[in-house]
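Number of protein chains: 2
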Amino acid sequence: MDRFLRIDMTTRTATFAPVPDKYKGRAGRWLTSSIVHDEVPATCHPLGPNNKLVFSPGIVTGTSSPTSSRISVGGKSPLTGGIKEANAGTGWGGRLAHLGIRAIIVEGQAEGFWLLKIDKDGASFEAADSWTGEKLSEVYPSVFDQFGGAKAVDICSIGVSGENRMSSAGICFNDQKGRPSRYAGRGGLGAVMGSKGLKFIVVDDAGAESVVIADQDTFDSGRKKMAAALTEHAVTKPKGALNSYGTAVLVNIINEAGALPTNNFRTGRFEGAAKIAGEAIFEGNKERTGAELYNHACSPGCIIRCSNTWHRPDGSEHTSCLEYESAWALGANCGIDNLDQIAEMNNLCNEFGIDTIEIGGAIAVAMEGGLAEFGDGAKAIELVNEIGKATPLGRILGAGALATGKAFGVSRVPHVKGQNMPAYEPRAIKGIGMTYAISTMGADHTAGYTIAPEMLGVSGKLDPLDPNKTELARNFQYATAFIDTTGHCLFIAFAILDIASGFEGMIEECNGVLGTKWTADDVSRIGKEVIDLELDFNRKAGFTKADDRLPEFMTYEPLPPHNVVWDISDSEIDKVFG
Amino acid sequence: MDRFLRIDMTTRTATFAPVPDKYKGRAGRWLTSSIVHDEVPATCHPLGPNNKLVFSPGIVTGTSSPTSSRISVGGKSPLTGGIKEANAGTGWGGRLAHLGIRAIIVEGQAEGFWLLKIDKDGASFEAADSWTGEKLSEVYPSVFDQFGGAKAVDICSIGVSGENRMSSAGICFNDQKGRPSRYAGRGGLGAVMGSKGLKFIVVDDAGAESVVIADQDTFDSGRKKMAAALTEHAVTKPKGALNSYGTAVLVNIINEAGALPTNNFRTGRFEGAAKIAGEAIFEGNKERTGAELYNHACSPGCIIRCSNTWHRPDGSEHTSCLEYESAWALGANCGIDNLDQIAEMNNLCNEFGIDTIEIGGAIAVAMEGGLAEFGDGAKAIELVNEIGKATPLGRILGAGALATGKAFGVSRVPHVKGQNMPAYEPRAIKGIGMTYAISTMGADHTAGYTIAPEMLGVSGKLDPLDPNKTELARNFQYATAFIDTTGHCLFIAFAILDIASGFEGMIEECNGVLGTKWTADDVSRIGKEVIDLELDFNRKAGFTKADDRLPEFMTYEPLPPHNVVWDISDSEIDKVFG
Chain A
0 MDRFLRIDMT TRTATFAPVP DKYKGRAGRW LTSSIVHDEV PATCHPLGPN NKLVFSPGIV
60 TGTSSPTSSR ISVGGKSPLT GGIKEANAGT GWGGRLAHLG IRAIIVEGQA EGFWLLKIDK
120 DGASFEAADS WTGEKLSEVY PSVFDQFGGA KAVDICSIGV SGENRMSSAG ICFNDQKGRP
180 SRYAGRGGLG AVMGSKGLKF IVVDDAGAES VVIADQDTFD SGRKKMAAAL TEHAVTKPKG
240 ALNSYGTAVL VNIINEAGAL PTNNFRTGRF EGAAKIAGEA IFEGNKERTG AELYNHACSP
300 GCIIRCSNTW HRPDGSEHTS CLEYESAWAL GANCGIDNLD QIAEMNNLCN EFGIDTIEIG
360 GAIAVAMEGG LAEFGDGAKA IELVNEIGKA TPLGRILGAG ALATGKAFGV SRVPHVKGQN
420 MPAYEPRAIK GIGMTYAIST MGADHTAGYT IAPEMLGVSG KLDPLDPNKT ELARNFQYAT
480 AFIDTTGHCL FIAFAILDIA SGFEGMIEEC NGVLGTKWTA DDVSRIGKEV IDLELDFNRK
540 AGFTKADDRL PEFMTYEPLP PHNVVWDISD SEIDKVFG
Chain B
0 MDRFLRIDMT TRTATFAPVP DKYKGRAGRW LTSSIVHDEV PATCHPLGPN NKLVFSPGIV
60 TGTSSPTSSR ISVGGKSPLT GGIKEANAGT GWGGRLAHLG IRAIIVEGQA EGFWLLKIDK
120 DGASFEAADS WTGEKLSEVY PSVFDQFGGA KAVDICSIGV SGENRMSSAG ICFNDQKGRP
180 SRYAGRGGLG AVMGSKGLKF IVVDDAGAES VVIADQDTFD SGRKKMAAAL TEHAVTKPKG
240 ALNSYGTAVL VNIINEAGAL PTNNFRTGRF EGAAKIAGEA IFEGNKERTG AELYNHACSP
300 GCIIRCSNTW HRPDGSEHTS CLEYESAWAL GANCGIDNLD QIAEMNNLCN EFGIDTIEIG
360 GAIAVAMEGG LAEFGDGAKA IELVNEIGKA TPLGRILGAG ALATGKAFGV SRVPHVKGQN
420 MPAYEPRAIK GIGMTYAIST MGADHTAGYT IAPEMLGVSG KLDPLDPNKT ELARNFQYAT
480 AFIDTTGHCL FIAFAILDIA SGFEGMIEEC NGVLGTKWTA DDVSRIGKEV IDLELDFNRK
540 AGFTKADDRL PEFMTYEPLP PHNVVWDISD SEIDKVFG
């Protein structure tokens, strides 16, 4: 009973249709990238009528499989000009799966802004203009009120940045408390949604069936193996690294390694690192709330539970979640070591519906261009507020770091394919540099998280400065594309890399749902198929090997403290995908 | 005694060296594109230390050949990311030729801004910071004063837009009255000059030799044929179309043809066309000054004399020159039909040192994005003033039309390769659309001015709506690359296309200077060689056939009054250069 829901925003019509045979068994990133590849003209304007926005829950999303509530969103990116898949953890995708909706394909363009409501009876539209121009925390409660509350529905939306078609706008989903805080954040898919005139998609799965499972025994076996591996691994276990300190546990680790990009990638060590690290968040919360706060799950069924909440001095909630990438982007990369200031910026990004990584990068580039001193948190907060007001300056920042560099004549922009680099210095961690260079997504750590072996010793410890990372980069990208297809969070990677039964469990879960007989070979086969589709789209969009390059300044500017440049040859980079 | 002058801005050293054998006989665009191709890493950042800025006078520049005072400027463009050659008419290039300087190659990057003085004794530097931040009309007189006046020297410079590294900044040269008004305008080479910390290049040719002529008789024969053809042709003769009405004589012609892009390329007819046409400029000047003003020569030795001056109601000078492209870009394309307002914008662009075509395009896109109503000249003037103040809004506009579209989420940006289209609608004039699509420079009418046959009946009249323009586009680009190599103004094209002896004359002039035996075959051979070098650079910079495309909206949005879309297939476009 799996089906596609095709939405024509021009005419505001919703059409359900069976999943075409060629797409059967595909889900998550595999399906979004397939549809974008097959249906979107690669040279279309990302904000024009011919781009499409595709949503698909993963293969096991909506089942009882642990940590599998990811929703994939795909389209042509206004930030990179290439294909984009971004995913988020939220109950929204599971509800879609319960309704048997394998993909939503949004086409055309509407005048004004609209709310799309989906439930077991179908899909309907209502005008949403009255909800535009506001902070997301101000509109989510009233939308929840109208549709029965956060137990009954989950909400997908854009903020003012998406309404204004800013190239860094993300697509927002609520967490389990209904907070508009979980993002398919990167690559500007929120601008695509804005260009279509779509403000909200509310999903109500009342009365829906469970996800159909073809082979319950195999599924159950897999689910148990996965749960056991996640519960056992030091990184993902209860009160383990992620549950205690959140992803920001990485701040001290990466800083110690000399790879924490600081002041727009001028150095790999940040003096204030300890003040913004996961440990500092834990201790700060303890001091302010009087309790040792372990983290919560962003989405139903997650047993890693890595999402934190930062509290104000009076103990009230300030922002959730403050991820490593955000604490770094809005902190170290801007030279800011004050968690309250960083939390405020993080909160504002969530209010405006925009990617924290890209905005931190844009502010750092603006600082490089003379708009503020590195470390000036008060000024940085002002800059983020410009985005919410959609002033010219806010629009520059909202268009991303590369656009900010263009506006202010800054040549030191740490990007690949127009997407700002995340929180790992490629000069000091060569494998992640390879990932940035070759990823179909632009600079993206989640495309192949080689940090696991290079920094954390997962699946064996690799020397981050060793340039021989070609195989690693390729294999991680294929494996990641498969994980993004299952609906699992990327953070299962630690457990499945180190614990063989966890890896088996992932495959068994998929075989259980689909009735397939996949083996480990199919993981890389499917991963490669996904990447090949994306590479083909990008090639047709005009990308060449010349786009698979780190920014020039990294090849001649040595990075302290190791004083290393980016020294992997172009020909070696080009070997990754041949 | 021809030599290269290599300038290292990092160390502020100037080194003269003989012209390498491989470059002997090359000049103008042939030489700038050769050096950029051979010396500039194609993937370097245009505003980083590894880009170079190259100046070269044409083969016959500085001789008595008529209408040949063009200076070519080359580098990697911050606007397009590809190779760029832009040229201007000015006495500056002739003085370089007199000094035997075949090319200046500017490398490295300085702190602060500097003035480079070149004369027969060598080259020297002095600090120029005190001259920055000002309107060009305010600094040129004092620079002239310091170096002996406009009879003694010519000045090359950037304005505040170049100082601020805006991607639409041009490189300014003075006309014969010393006005900072002649531009190598397109593609942002002024930003490259700014990134190098170079504010002025003052050239004094006192005591220099004449240009060496290998075969005086052949040269004289060619020069006479060229002069006769220019003096005879209806477009270029004294008191002919260009001398009377300037390039803006085209406004009514192109409007009549339904090909005058209006309101950001929404229609091909502008209701106010007659009010901004060359005829209106002529009549307005007559009314305000009491005289029939025929146009003047922008540079020494030009017998076409197409440069106009616009006067205020009190008869005082307002701006010079108000070209067709500028009157269109700042006028029709923004829906503005008031010549005084257009002249003020033109004047401000000259003051700030920025390309009128790109800025008109950026303002039109900003209007499309809701910043002003089409036709609101007062607001448009305010917008241009933002550029001079380098406000965030000014920086958006100064970064060009595509960047403006990115900032304001506008998908209707009429550009190719990031450069805004000039004043001819490609949907209504197919050959110029082919030129825009395939030019190595981005959308550029001067890359292959097929308007001559398609609109003006030069070399026979072609139907503008006929899509069979593949051969035409190719041949015009080759021939143009040769003209840009000679140092002649592109406007000799009318005469040499229609008058065979004029074409012979061009070749004889070159043979006379160089002692070569070129024939008509060499014109296309050399033109092809230039284009091939540029194509190779762009390929290495990452360009593909996907970049040789007109913007998507032109393929589905019919243009009034002919209601035509861009309908030449990709495969046909790709045949032009194979």
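First to last, the sequence lines map onto chains A and B.
As numbered in numbering that gives the first Met the number 0, residues 0 to 577 make up the first sequence, in order.
As numbered in numbering that gives the first Met the number 0, residues 0 to 577 make up the second sequence, in order.
Yeah, the Cβ is synthetic: ideal placement off N, Cα and C, and Gly gets one too.
Starting from the N-terminal side, write out each stretch of the alpha helix (DSSP H) that is 4 residues or longer and does not extend beyond the region 49-100 of chain B.
Here the runs fully enclosed are 90-97.
Is the beta carbon of residue 82(B) sitting closer than 8 Å to the one on residue 32(B)?
Counting from one through the second sequence, the residue named residue 82(B) turns up at place 83. Counting from one through the second sequence, the residue named residue 32(B) turns up at place 33. Closer than 8 Å, so yes.
What are the boundary residues of the beta strand (DSSP E) that includes residue 493(B)?
For the purposes of this step, residue 493(B) is identified with residue 494 of the second sequence, where counting begins at 1. Element bounds for residue 493(B): not the beta strand (DSSP E) but the alpha helix (DSSP H), 491-497.
Pick out whichever of 87(B), 80(B), 34(B) has its Cα sitting closest to the Cα of residue 102(B).
Within the second sequence, numbered from 1, the residue matching residue 102(B) stands at position 103. Per the Cα distances, 34(B).
With residue 353(A) and residue 85(A) assumed to form a contact (beta carbons below 8 Å), what rounded beta-carbon distance in angstroms separates them?
In the first sequence, residue 353(A) corresponds to position 354, counting from 1. In the first sequence, residue 85(A) corresponds to position 86, counting from 1. No, residue 353(A) and residue 85(A) are not in contact; Cβ-Cβ is about 13 Å, not under 8 Å.
So that I know if they touch, is there some Cβ in chain A lying closer than 8 Å to that of residue 410(B)?
Here residue 410(B) corresponds to residue number 411 of the second sequence, with the count starting at 1. True, the Cβ-Cβ gap to chain A drops below 8 Å.
For residue 47(B), which residues from the same chain have a beta carbon less than 7 Å from its beta carbon, with the 5 sequence-adjacent residues on both sides left out?
Here the question's residue 47(B) lines up with position 48 in the second sequence. Excluding positions up to five away in sequence, the list is empty.
For residue 546(B), which residues in chain A fall below 8 Å Cβ to Cβ?
Within the second sequence, numbered from 1, the residue matching residue 546(B) stands at position 547. Result: 541.
Does the CB of residue 166(B) have a neighbour CB from chain A at under 8 Å?
Against the second sequence, residue 166(B) aligns to sequence position 167. Chain A contact via Cβ: present.
Judging by CA-CA distance, which residue of 485(B), 550(B), 419(B) is the nearest neighbour of residue 529(B)?
Taking the second sequence and counting its residues from 1, the one referred to as residue 529(B) is at position 530. When each option's Cα is compared against that of residue 529(B), the closest is 485(B).
Taking the Cβ atom as the reference point for each residue, do residue 28(A) and residue 67(A) lie within a distance shorter than 8 Å?
The residue you call residue 28(A) lines up with position 29 of the first sequence. The residue you call residue 67(A) lines up with position 68 of the first sequence. No, the Cβ-Cβ distance between residue 28(A) and residue 67(A) is not below 8 Å.
Below 7 Å between beta carbons is the criterion; list the residues of the region 391-416 of chain A that meet it against any residue of chain B, in chain order.
Hits within the stretch, in order: 391, 392, 394, 395, 398, 402, 405, 406, 407, 408, 410.
Is there at least one Cβ from chain A nearer than 8 Å to residue 49(B)'s Cβ?
In the second sequence, residue 49(B) corresponds to position 50, counting from 1. Yes - at least one Cβ of chain A is within 8 Å of the one on residue 49(B).
Determine which residues of the region 338-349 of chain B have a Cβ less than 7 Å from any Cβ of chain A, and write them out in chain order.
Listed in sequence order: no entries.
If you measure from the beta carbon of residue 10(B) to each beta carbon in chain A, is any gap under 8 Å?
Residue 10(B) sits at position 11 when you count from the first residue of the second sequence. Answer no: the Cβ-Cβ gap between residue 10(B) and chain A never drops below 8 Å.
Using a Cβ-Cβ cut-off of 8 Å, state whether residue 42(A) counts as contacting chain B.
As a first step, residue 42(A) is located in the first sequence; it is residue number 43 there, counting from the start. Chain B contact via Cβ: present.
Note down, in chain order, each residue of its chain lying with its Cβ closer than 8 Å to the Cβ of residue 548(B), except the 5 sequence neighbours on either side.
Position 549 of the second sequence holds residue 548(B). Within the same chain, residue 548(B) has close Cβ partners 415, 436, 569, 572.
Please decide whether residue 588(A) counts as near chain B, where near means a Cβ-Cβ distance under 8 Å.
Since the first and last residues shown for chain A are 0 and 577, residue 588(A) lies out of range.
Hey, out of 411(A), 404(A), 348(A), whose CA is closest to residue 382(A)'s CA?
On the first sequence, position 383 is the one that residue 382(A) refers to. That would be 348(A), whose Cα lies nearest to the Cα of residue 382(A).
In whole angstroms, what separates the C-alpha of residue 267(A) from that of residue 334(A)?
Taking the first sequence and counting its residues from 1, the one referred to as residue 267(A) is at position 268. Taking the first sequence and counting its residues from 1, the one referred to as residue 334(A) is at position 335. About 12 Å.
Could you work out which residues of chain B lie near residue 552(A), taking near to mean beta carbons separated by less than 8 Å?
For the purposes of this step, residue 552(A) is taken as the residue at position 553 of the first sequence. The answer, in chain order, is 44, 47.
Chain A partners of residue 361(B), CB-CB under 8 Å?
For the purposes of this step, residue 361(B) is taken as the residue at position 362 of the second sequence. Near residue 361(B) there are no residues of chain A at all, since even the closest Cβ is about 12 Å away, more than 8 Å.
Output, in chain order, the set of chain B residues within a Cβ distance shorter than 9 Å of residue 163(A).
For this step, residue 163(A) is matched to residue 164 along the first sequence. Those within 9 Å of residue 163(A) in chain B are 407, 408.
Do three or more CB pairs link the region 469-488 of chain B to the region 46-63 of chain B at distances below 8 Å?
Segments in contact, yes.
Using a beta-carbon distance below 8 Å, is residue 149(B) in contact with chain A?
As a first step, residue 149(B) is located in the second sequence; it is residue number 150 there, counting from the start. It does not: the Cβ of residue 149(B) has no partner Cβ on chain A nearer than 8 Å.
Count the C-beta pairs between the region 269-289 of chain B and the region 299-313 of chain B that are closer than 8 Å, then say yes if the count reaches three, no if not.
Yes, since at least three Cβ pairs between the region 269-289 of chain B and the region 299-313 of chain B fall closer than 8 Å, the two stretches touch.
Taking the alpha-carbon positions, what's the residue 294(A) to residue 107(A) distance?
Residue 294(A) sits at position 295 when you count from the first residue of the first sequence. Residue 107(A) sits at position 108 when you count from the first residue of the first sequence. If you take the alpha carbons of residue 294(A) and residue 107(A), they lie about 40 Å apart.
Which value, in whole angstroms, describes the spacing of the CA atoms of residue 324(A) and residue 527(A)?
In the first sequence, counting from the first residue as 1, residue 324(A) sits at position 325. In the first sequence, counting from the first residue as 1, residue 527(A) sits at position 528. If you take the alpha carbons of residue 324(A) and residue 527(A), they lie about 27 Å apart.
What residues of chain A sit near residue 190(B), judged by a beta carbon separation below 9 Å?
Locating residue 190(B) in the second sequence gives position 191, counting from the first residue. Residues of chain A passing the Cβ test: 408.
Whose CA, out of 96(B), 379(B), 445(B), lies closest to the CA of residue 207(B)?
Locating residue 207(B) in the second sequence gives position 208, counting from the first residue. Looking at the Cα atoms, 96(B) is the closest of the given residues.
Which runs of the beta strand (DSSP E), 3 residues or longer, sit entirely within the region 439-499 of chain A?
Counting only runs of 3 or more, we get nothing.
Between the Cα of residue 532(A) and the Cα atoms of 39(A), 174(A), 3(A), which residue gives the shortest distance?
Here residue 532(A) is taken as the residue at index 533 of the first sequence, counted from 1. The residue with the shortest Cα to Cα distance from residue 532(A) is 39(A).
Which term fits residue 298(A), buried or exposed, when burial requires 16 or more other beta carbons within 10 angstroms of its beta carbon?
Residue 298(A) sits at position 299 when you count from the first residue of the first sequence. Buried, by the Cβ-count rule.
Under 8 Å between the Cβ atoms of residue 496(A) and residue 446(A)?
By one-based count along the first sequence, residue 496(A) stands at place 497. By one-based count along the first sequence, residue 446(A) stands at place 447. Not a contact, by the Cβ cut-off of 8 Å.
Which residue from 448(B), 464(B), 465(B), 493(B) puts its Cα closest to that of residue 477(B)?
Counting from 1 along the second sequence, the entry for residue 477(B) is found at position 478. Here the closest residue by C-alpha is 448(B).
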